[in-house]
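Residue numbers (our numbering): 434 to 646.
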C-alpha cells in the first residue's frame, strides 16, 4: 500500500495555523511558533511542494484543503508516458518466427513490435502468439511473423504526452503486456518507446518513495 507523506508535529502545527489564519505570511507563522523564519523555511517548502499549502507573493500562505490521498491521486494523474517509457524491441515483418522467438528471449521481453521496410508499426507479437505458432511440426524458419502477428488497427498505442494512468487502463482492459509509444511520421507510425507492466510498477514505487520521504 502506498503511504502518504508523514508530517512531523511542527508541520502539523503550521498547517493548523494556516487553516485558522490564512492567508498568513511566513514571518507571522514564525512569530506564532516563536521561531525564526529561516528555521521554518524547510517545513514551509515541504508543505508547499507536497501540495498542502499554496504560497502567493506579497500575500502569504493558503491551506489547499486537500488530504494526503487527494494529493497522491493528483500526482498519479499528472504522470506522462515519456517519464517512464523504455526502449522498444522491434523486428521486421519479414523475420521468421524462429528469429522472433530468439529475439524475445535474448532481449527478455514479453512483446515484440513489428515494423515494415519503412520502419512503421504494422503489428505486435506476444509470447502467446509465438507459442501458438511453435506448437506442432511446423518449420518456424519458413514462417514470417506477419502471418501470426496482431495487425493494425487492432493494436493499442499511446504517445509520449499521454497520461500514464490512461495507458495502465488500456493494459488492464486489453489484458496485454505492453503498449508501444508511437510518433506520427510521413511513412506511418514510428515506435519510439514502450510502456510495460514493469514501467507501471516502477512509477508506483517512485511515488511510494516520494511519499515516504
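Here a beta-carbon is modelled for each residue, glycine too, at the ideal position from N, C-alpha and C. Source: prediction; values computed, not measured.
Three-state secondary structure (DSSP) of residue i
i           : result
residue 513 : strand
residue 448 : helix
residue 487 : strand
residue 628 : strand
residue 526 : coil
residue 440 : coil
residue 581 : coil
residue 435 : The pLDDT assigned to residue 435 is 38, lower than 50, so where the model puts this residue is not dependable; a value taken from the coordinates is nonetheless given after this. In this structure, residue 435 counts as coil in the three-state DSSP scheme.
residue 499 : coil
residue 408 : Not covered by the structure: residue 408. The range shown for the chain is 434 to 646.
residue 570 : coil
Close-in-space but distant-in-sequence residues of the same chain around residue i (CB under 7 Å, 5 per side omitted)
i           : result
residue 531 : 573 and 574
residue 582 : 547, 556, 557, 558 and 562
residue 542 : 522
residue 443 : 476
residue 508 : 640
residue 488 : 481 and 494
residue 610 : 543, 544, 559, 629 and 630
Cβ neighbours of residue i in the same chain (closer than 6 Å, five flanking residues each side left out)
i           : result
residue 687 : Any property of residue 687 remains undetermined from this structure, which presents the chain solely from 434 to 646.
residue 406 : Examination of residue 406 is not possible in this model, given that the chain is present from 434 through 646 alone.
residue 493 : 456, 457 and 458
residue 646 : Annotation note: pLDDT 44 at residue 646 (below 50); position unreliable, coordinate value reported separately. Hits under 6 Å: none found.
residue 584 : 556
Opening and closing residue of the beta strand (DSSP E) in which residue i lies
i           : result
residue 575 : Run containing residue 575: none; DSSP gives neither H nor E here.
residue 548 : 544 to 548
residue 615 : 611 to 618
Boundaries of the alpha helix (DSSP H) in which residue i is found, first to last residue
i           : result
residue 540 : 530 to 540
residue 589 : Looking at the DSSP string, residue 589 is not in any alpha helix (DSSP H), and its letter there is neither H nor E.
residue 606 : 597 to 607
residue 567 : 560 to 567
Close Cβ partners of residue i (< 8 Å) along its chain, the five nearest in sequence each way excluded
i           : result
residue 472 : 463
residue 593 : 513, 514, 515, 518, 614, 616, 625 and 626
residue 524 : 532, 533, 536, 545, 546, 547, 548, 558 and 578
residue 434 : Because residue 434 sits at a pLDDT of 37, beneath the cut-off of 50, its placement in the model cannot be relied upon, and the following sentence gives the value as read from the coordinates. Taken in chain order, the list of residues that qualify is empty.
residue 631 : 519
residue 591 : 514, 599, 600, 603, 612, 613, 614, 615 and 628
residue 607 : 589
residue 510 : 596 and 598
residue 638 : none
residue 460 : 470
Beta-bridge pairing of residue i - partner residues as DSSP gives them
i           : result
residue 472 : According to DSSP, residue 472 bridges with nothing at all.
residue 519 : 627
residue 457 : 494
residue 555 : Its beta-bridge partners do not exist; DSSP assigns none.
residue 622 : 617
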